[in-house]
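Reading through the structure tokens given below for one structure.
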Amino acid sequence: MAPVQPHNRCRRCCCCLFSIIWKLLLAIIILVGLIYLIFSLIVQPRAFKFSVKEAKLTQFNYTTTTNTLRYNLVLNFTARNPNKKLNFYYDEVEGHVSYHGTRFASTDIITWLNSFRQYTKSTNLMSGVFSGQRVVVFDQDQVSDFEHDKKEGVFHIDVKLYTKMRFRLGDYIFGDNKSNIKCGIDVPFCSNGTKLMNAFEPTTCDVHF
9 MAPVQPHNRC
19 RRCCCCLFSI
29 IWKLLLAIII
39 LVGLIYLIFS
49 LIVQPRAFKF
59 SVKEAKLTQF
69 NYTTTTNTLR
79 YNLVLNFTAR
89 NPNKKLNFYY
99 DEVEGHVSYH
109 GTRFASTDII
119 TWLNSFRQYT
129 KSTNLMSGVF
139 SGQRVVVFDQ
149 DQVSDFEHDK
159 KEGVFHIDVK
169 LYTKMRFRLG
179 DYIFGDNKSN
189 IKCGIDVPFC
199 SNGTKLMNAF
209 EPTTCDVHF
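The opening position of the sequence shown corresponds to residue 9 in our numbering, with each subsequent residue numbered one higher.
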């Protein structure tokens, strides 16, 4: 009987080891899938809902000679937790506003100093104030759009919010999740107490984890 060659023995050992690793990996994947399925069935996690409830724009003037935009925009948001068992912790919420693709202001809506826990089936209010002036360069088309919107008395503002959140299930707090929220809102312009020609319509935002 011919002796087993060393290289054949080595090949068989490698195949055996590969087979064991593959089976172990497959078992881990199946186990993780089962845990996630059981967690989903029990907890039934749902993403939070976000909307712009109120918007007040009392200053929005652009000077072409200096390319300066002066603005004063106040936004009131509502955040809704639709879950029955999952609580949210809002650790940070950062807001950015843009006009025709040009960002002109940013502010902190929520910081670690005023972070809060949102309980199940509850709604909380948040507010953001965007006020000041900034040098922005509008091209001719943007200037034309600005003059048109000013005449109409309504400006379309794009709002983006970036959040840092954690979750709570019972006594267990987990996660360090980030999400972004996008809202396109049409804000009536009101200056010096003048009566609004158009009323702001509350707008539901898109939430992406």
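Where a beta carbon is used, it is the ideal one built from N, C-alpha and C, also for glycine.
Select from the options the residue whose C-alpha is nearest the C-alpha of residue i.
i, options, result
"R125", "Y97, I117, G140 and M134", "Y97"
"F197", "K172, T76, I36 and T66", "T66"
"K64", "T71, N75, A55 and L83", "L83"
"H108", "D149, F85 and D99", "D149"
"N3", "P210, G103 and W120", "This structure cannot settle anything about residue 3, because the visible part of the chain is limited to 9 through 217."
"N80", "F112, T128, N122 and R88", "F112"
"V60", "L45, F85, I38 and K159", "F85"
"V151", "C191, N132, T110 and K190", "T110"
Whole angstroms is fine: what's the gap from residue i's alpha carbon to residue j's?
i, j, result
"E155", "G161", "10 Å"
"T73", "D147", "13 Å"
"N185", "N95", "13 Å"
"K168", "F58", "11 Å"
"P90", "S106", "29 Å"
"I117", "R176", "22 Å"
"A207", "I165", "15 Å"
"F138", "T171", "18 Å"
"R142", "D157", "19 Å"
"L32", "D214", "40 Å"
"G136", "E100", "13 Å"
"M173", "F56", "11 Å"
"N75", "M134", "31 Å"
"V195", "F163", "5 Å"
"Y223", "R78", "The question about residue 223 has no answer, for the chain in this structure spans 9 to 217."
"I36", "S27", "14 Å"
"P53", "L45", "11 Å"
"F182", "I193", "33 Å"
"G140", "H216", "29 Å"
"K190", "T211", "11 Å"
So, with DSSP's three-state summary, where would you put residue i?
i, result
"C191", "strand"
"M9", "Its pLDDT being 47, under 50, M9 is placed unreliably by the model, and the measurement read from it follows with that caveat. Three-state DSSP puts M9 in coil, outside helix and strand."
"F138", "strand"
"V143", "strand"
"F208", "coil"
"S130", "strand"
"L121", "coil"
Along the chain, where does the beta strand (DSSP E) that runs through residue i open and close?
i, result
"D153", "Run containing D153: none in the beta strand (DSSP E); it sits in the alpha helix (DSSP H), Q148 to E160."
"D179", "That residue, D179, is in no beta strand (DSSP E); it is neither H nor E in DSSP."
"A113", "T110 to I118"
"N95", "L94 to Y107"
By DSSP's criteria, residue i is part of a beta bridge. Which residues make up the other side?
i, result
"N214", "As written in the sequence, residue 214 is Asp, which differs from the Asn given in the question. Beta-bridge pairing links D214 to K190."
"F58", "A87"
"P196", "V162"
"A225", "No information on residue 225 is available, as it lies outside the stretch 9 to 217 that the chain covers here."
"V82", "K64 and V137"
"V167", "V105 and C191"
"L77", "Y70 and R142"
Counting contacts by CB-CB distance shorter than 8 Å, is residue i in contact with chain B?
i, result
"N185", "Absence of chain B from the displayed structure is noted, only one protein chain being present."
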